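Structure, as structure tokens:
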Amino acid sequence: MGCWYSRIDREETVSRCKARKRYMKQLVKARQALAASHSMYLRSLRGTGSALLQFSNNETTLHLHHHVPPPPQPQAPPPPMSPSSDTWTSATTASPALPPPPPPPPSSSWDFWDPFAPATASRSATEEDWEATTSASEVAVTATTTATGAASMAAPPSVVSEFSKDTGSELAMVVSRNTKELVEIVKEVDEYFLKAADAGSQLSVLLEVSNSSFSTQCKGGKVYNYGCNLSTPTTWTWNWNQKMEGMGKLGEDRIGGNLGASVVGTSHCSTIERLYAWEKKLYQEVKNAEAIKIEHEKRVAQLRKLEVKRADYIKTEKTKKEVEKLESQMMVAAQAIETTSTEIIKLRESELYPQLLDLVKGLMCMWRSMYEIHQVHTHIVQQLKYFNFIPSNEPTSEIHRQSTLQLELEVQQWHLSFCNLVKAQRDYIQSLAGWLRLSLFQFSKNPLLRTSQESKIYSFCEEWHLAVDRIPDKVASEGIKSFLTVIHAIVVQQAEEYKQKKKVDSAFKDFEKKAAELRSMESKYGPFSMPEMSKDPIADKRTKVEILRAKAEEEKSKHEKSVSVTRAMTLNNLQMGFPHVFQAMVGFSSVCMQAFESVYNQAKSIDQQHDVKRILP
């Protein structure tokens, strides 16, 4: 039996259907992974912003800023950058040492600040240039050990967001304002992290993220769609409540017999799960048909031998009837295959294809929003480069240490969820494209029916597959990772400060213990040496106490220096790390936006051409 089924599985048609079933099974899992990774990415954006705010609240209390009057009102800035084809603005020239803080700009500061070069510069780069130059940039982790005197600080620009009714997008305007504290700047950063998370909420509906996760993302019922309407009329609708209410009946239809039932408001999850059920059914039917075919060939050969030998009439007739029965079964099996194939095609064209179009549109809208938001992020954190401060001698508190560890954890989660999101999307389109390559043009008897619809979804998914493969996610991943390195360096320095504090506490404890012993001896024998004794124990004790005092003072001095290093290093690392990570995310989201826009527009163009051909006689 094992050899028999093995032979059937090796048949080309059966093998092809088995591979189709495997790809569809992978697609079902890939959709689940994509929904989960999308949810986790949005959650990580919220978590990073929240942890940054908590961290800055604790850090701000330890710094003393020196304010100066603001400079004259700057000129009105130009409109925000709009990306050209696979290009973005960045300055990525690396320098070995940290340059001095640059002077405030005379007018507008819309160009991206380059933390690695002495002056701000901008250049246009192709996608390949961006990947090569940005990946070469390393965020330097530096510790400023000394900073004396009260340094002056120019008033930095402040970002005020405006909603443009004409473009339906958030624009940033840079205006002059009094100096802001670190916590005020980070509060703005956190606000835009929340907006970035909200920008993915509509896509959460399409991907069918769990209801609780979706409710959390749509905090306060506010959804940022940035002018993108994802509810365009199609043969199905994305209605969350309808979907949830219809899941009971739908669950029966997914696995059970009524696979072809029409479901109002069908979800993407339902569609691909029903396609998977049909693919399993098709595989069994093709396998069964192949087994009947093999048996038929065997009986036909047997019948020919009997006829050649002029064998017993009854035996020959019996074999002939078996052959006719098998031929009848072959016809029934062929009809079952045709019916199942028709249902798969109907699902693919009437449900899956429109859903995929909306999914790509949702990705395009989300990354367009992310692009605009991360642009604003970049301009917000430019204000940090104007910060000079008098280093504080306030030690890092335990609460602050915990908030820094939490920040490191959240940025680590941001990096991990970003990598998972990119991988899940690649796995999804790879499974989908693989299934389409095997499923198209296989069982349709009429070649005239193949060209229009089938080639449409095929070319659309192939373009999508190519677009995803071309997206340079490594640069953005390294950008987040470099920011994580910056935060980790602060964690390490705080740990060193804490370790030094323990040494101070231990040294002073030893000193106080020996000093108490000295006072006890002096109260008993007096403060002077005793001539009747050859060795003066009080003098010896006093010498040891002085040595311990000096050691304690030395450890205290080291601790104060360590505190100063921590405070200076913290702000310096934020100045270095913030622009780099947001520039990387601006570049990535710009490329994503353009890639999905190109795929979507090309598909819509093909649809329009197809509609025109149908109308024309």
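Each residue of the sequence shown is one higher than the one before, counting from 1 in the UniProt record's numbering.
Glycine included, C-beta positions come from ideal geometry on N, C-alpha and C.
All figures in this text were calculated on a predicted structure; none of them were measured in a lab.
_Check for me: the alpha helix (DSSP H) holding Gly49 runs from which residue to which?_
12-60
*Within 8 angstroms, strictly: CB atoms of His377 and Phe582*: yes
*Going by beta carbon distance, what residues of the same chain come within less than 7 angstroms of Ala603, once the five residues before and after it are set aside?*
Leu357, Phe460
*Does the separation of the CB atoms of Gln383 and Pro579 fall below 8 angstroms?*
no
*Simplified DSSP state of Asn572, which is helix, strand or coil*: helix
*Find out if the Cβ-Cβ distance for the pair Val189, His374 is shorter than 8 angstroms.*
no
*Where Ser85 and Arg437 are concerned, what is the direct C-alpha to C-alpha distance, given to the nearest angstrom?*
Unreliable placement is indicated for Ser85, whose pLDDT of 39 sits below 50; no coordinate value is reported for it.
*To the nearest angstrom, report how far apart Leu203 and Gln54 are at their CA atoms.*
The straight-line gap separating the alpha-carbon atoms of Leu203 and Gln54 is approximately 29 angstroms.
*the region 420-433 contacting the region 558-568, beta-carbon criterion three pairs below 8 angstroms*: no
*Could you check what DSSP says for Ser267 in three-state terms: helix, strand or coil?*
coil
*Whole angstroms is fine: what's the gap from Arg46's alpha carbon to Leu52's?*
10 angstroms
*For Glu343, which of helix, strand or coil comes out of DSSP?*
helix
*How do the region 545-557 and the region 464-474 stand: do at least 3 beta-carbon pairs fall below 8 angstroms, yes or no?*
With a cut-off of 8 angstroms, the region 464-474 and the region 545-557 do not count as touching, because too few Cβ pairs lie within range.
*asked:* Am I right that Glu290 and Val14 are in contact with their C-beta atoms under 8 angstroms? What's the rounded C-beta distance?
replied: 5 angstroms
_Buried/exposed call for Ile292, threshold 16 Cβ in 10 Å_ = buried
*Rounded to whole angstroms, how far is the Cβ of Arg304 from the Cβ of Val323, which I believe are closer than 8 angstroms?*
Wrong, their Cβ atoms sit about 10 angstroms apart, outside the cutoff.
_Where Gly526 falls, given that 16 or more other Cβ within 10 Å makes a residue buried_ = exposed
*How big is the Cα-Cα spacing for Ala489 and Ser477?*
Ala489 and Ser477: Cα-Cα distance of roughly 18 angstroms.
*Starting from Tyr386 and walking both ways along the alpha helix (DSSP H), at which residues does that stretch end?*
Premise fails: Tyr386 is in no alpha helix (DSSP H) and is neither H nor E.
*CA-CA distance, Lys361 and Phe596?*
Straight through space, the alpha carbons of Phe596 and Lys361 are spaced by roughly 7 angstroms.
*Through-space distance from Ala197 to Thr61, alpha-carbon basis*: One C-alpha to the other measures close to 29 angstroms.
_Secondary structure of Leu206, DSSP reduced to three states_ = helix
*Could you give the distance in angstroms between the alpha-carbon of Gln302 and the alpha-carbon of Thr319?*
8 angstroms
*Can we say the region 404-412 touches the region 478-497, given the rule of at least three CB pairs closer than 8 angstroms?*
yes
*On a CA-only basis, which of Gln335, Ser44, Leu27 is nearest His268? Give me that one, please.*
Leu27
*Pull up the distance between the alpha-carbon of Glu59 and that of His559, whole angstroms please.*
18 angstroms
*Check each candidate in Ser520, Lys551, Val286, Gln284 and name the one with the smallest Cα separation from Ile538.*
Ser520
_Beta-carbon proximity check, Leu282 vs Thr340, cutoff 8 angstroms_ = yes
*Shortest alpha-carbon distance to Trp278 belongs to which of Val332, Lys385, Lys346?*
Lys346
*When the Cα atoms are used, what is the spatial distance from Glu307 to Met330?*
23 angstroms
*asked:* Buried or exposed, going by whether 16 or more other CB atoms sit within 10 Å of the CB of Arg368?
replied: Counting every other CB atom within 10 Å of its CB across the protein chains shown gives Arg368 a total of 16 or more, marking it as buried.
*Taking buried to mean at least 16 other C-beta atoms within 10 Å of its own C-beta, is Ile480 buried or exposed?*
buried
_Assuming contact is defined by CB atoms lying nearer than 8 angstroms, are Leu440 and Tyr458 in contact in what I supplied?_
yes
*With a cut-off of 8 angstroms on the beta carbons, I'd call Gly200 and Leu42 a contact; round off their distance for me.*
5 angstroms between Cβ atoms; contact.
*Alpha carbon to alpha carbon, how far is Lys513 from His400?*
31 angstroms
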